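This report concerns only the one structure given below.
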Amino acid sequence: MRTTLLIIGLFITSLLSAQNNSTIGFHLHGFLPTGELKKDASEIWGGGFGMEAAFQINESPVYLGGLIDFTRYGSRVRKGFHNADLPDVRYRHHNEMGRLLSVVRFKPETKTRLLPYGDFNFGFGYVYTRARVFDREFDEVVDEFFELDDFIFTYGFGGGIEYIIDESISIDFHFRNTYSTRGDYLTPKTIQYDPDIENYQLDIQRSRFNSITFGFGIKLLLREM
0 MRTTLLIIGL
10 FITSLLSAQN
20 NSTIGFHLHG
30 FLPTGELKKD
40 ASEIWGGGFG
50 MEAAFQINES
60 PVYLGGLIDF
70 TRYGSRVRKG
80 FHNADLPDVR
90 YRHHNEMGRL
100 LSVVRFKPET
110 KTRLLPYGDF
120 NFGFGYVYTR
130 ARVFDREFDE
140 VVDEFFELDD
150 FIFTYGFGGG
160 IEYIIDESIS
170 IDFHFRNTYS
180 TRGDYLTPKT
190 IQYDPDIENY
200 QLDIQRSRFN
210 SITFGFGIKL
220 LLREM
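Residue 102 in numbering that gives the first Met the number 0 sits at position 103 of the sequence shown, with consecutive numbering throughout.
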């Protein structure tokens, strides 16, 4: 709760102090595990998308803002008979994570179209596995629920390069190296159907959810605030 309030406070402060060169953008990213997560679940990988806002403070090279992103790091599907209540279904598990992070950015002005920057981020992540059950005859969802979910505190560092296309648009290439507290999670390999009990066996894992994300995006340049 305190982390959420701090992120909201930073965002409001950024809006009140915003100057030229502030940005709002959308990005796509890849996801790879690192550290303890890579050791415990090296098979996972994925990608996702996100949105970010960063507001320049008092014409300085410091920007404050926030980002929200969504990542899918694995899926597993089984088709056919499951039990008497689910005789012919497509049972799919999605392993996913959402993050809400603050952005503290250092981005000095240059005399070129290239603007390198460095970031510090902190906030929290929501790691979860959701199940969707489809009736194969009618191809419609008959049930949807969470198998597992957990919250983690996240912090890290990153950077990138913006290339200014014109006065209102830039493209961005970035990476983030993030660390977290330990959390419970599932992977495709830890979700197994057991025909003896006609249900799924879940081998719940617990690790620090450390990762690298990297990607590209498009930003709108807010010249007048």
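Idealized CB from N, CA, C, for every residue including glycine.
Computed from a predicted structure; not experimentally measured.
{"Asked": "What residues in its chain sit with their C-beta under 7 Å from that of Gly155, if we drop five residues either side in the sequence?", "Found": "Asn120, Arg175, Asn176, Thr177, Tyr178"}
{"Asked": "Ile190 to Ala53, Cα distance in whole Å?", "Found": "39 Å"}
{"Asked": "Touching or not, the segment 91 to 98 and the segment 61 to 79, by the rule of three or more beta carbon pairs under 8 Å?", "Found": "yes"}
{"Asked": "Apply the 10 Å Cβ neighbour rule to Phe123 and answer buried if 16 or more other Cβ atoms are within range, or exposed otherwise.", "Found": "buried"}
{"Asked": "Can you grab the Cα-Cα spacing for the pair Gly216 / Gly159, in whole Å?", "Found": "11 Å"}
{"Asked": "Suppose you measure from the CA of Pro187 to the CA of Ser206; what does that come to, to the nearest Å?", "Found": "16 Å"}
{"Asked": "Thinking Lys106 and Tyr62 are a contact (beta carbons under 8 Å), I'd like their distance in whole angstroms, please.", "Found": "6 Å"}
{"Asked": "Does the beta-carbon distance from Gly49 to Phe69 come in below 8 Å?", "Found": "yes"}
{"Asked": "Helix, strand or coil for Leu220? Go by DSSP, reduced to three states.", "Found": "strand"}
{"Asked": "Quick one, which of Ile196, Asp87, Tyr116 has its alpha-carbon nearest Val140's?", "Found": "Asp87"}
{"Asked": "What are the residues that DSSP puts in a beta bridge with Leu185?", "Found": "In the DSSP output, where bridge partners are listed per residue, Leu185 has none listed."}
{"Asked": "Should Phe145 be listed as close to the ligand ADP, given that the test is whether its C-beta is under 7 Å from any heavy atom?", "Found": "As presented, the structure is devoid of all ligands, the ligand ADP included, so that no description of it is given."}
{"Asked": "To the nearest whole angstrom, what separates the beta carbons of Ile203 and Asp171, a pair I think is in contact under 8 Å?", "Found": "Their Cβ separation, rounded to whole angstroms, is 36 Å, which puts Ile203 and Asp171 out of contact at 8 Å."}
{"Asked": "With 16 as the cutoff for other CB atoms within 10 Å, does Asn82 come out buried or exposed?", "Found": "exposed"}
{"Asked": "Can you tell me whether Asn57 is buried or exposed? The criterion is at least 16 other CB atoms within 10 Å of its CB, across all chains shown.", "Found": "exposed"}
{"Asked": "To the nearest whole angstrom, what separates the beta carbons of Phe213 and His173, a pair I think is in contact under 8 Å?", "Found": "7 Å"}
{"Asked": "List the endpoints of the continuous beta strand (DSSP E) containing Asp39.", "Found": "Premise fails: Asp39 lies in the alpha helix (DSSP H), 34 to 39, not in any beta strand (DSSP E)."}
{"Asked": "From the DSSP secondary-structure annotation, give me the bridge partner or partners of Thr177.", "Found": "Gly155, Ser210"}
{"Asked": "Could you name each continuous alpha helix (DSSP H) segment of 4 residues or more that falls completely within the segment 70 to 114, going from the start of the chain to the end?", "Found": "none"}
{"Asked": "Taking Phe133 as the reference, which of Leu113, Gly79, Lys110 has the closest Cα?", "Found": "Gly79"}
{"Asked": "For Tyr192, collect the residues of the same chain with a Cβ closer than 6 Å to its Cβ; drop the 5 residues on either side in sequence, then sort them by chain order.", "Found": "Arg77, Tyr199"}
{"Asked": "Just how far apart, CA to CA, sit Glu108 and Pro115?", "Found": "9 Å"}
{"Asked": "What residue range is occupied by the uninterrupted beta strand (DSSP E) comprising Asp202?", "Found": "Asp202 -> no beta strand (DSSP E), and no H or E assigned at all."}
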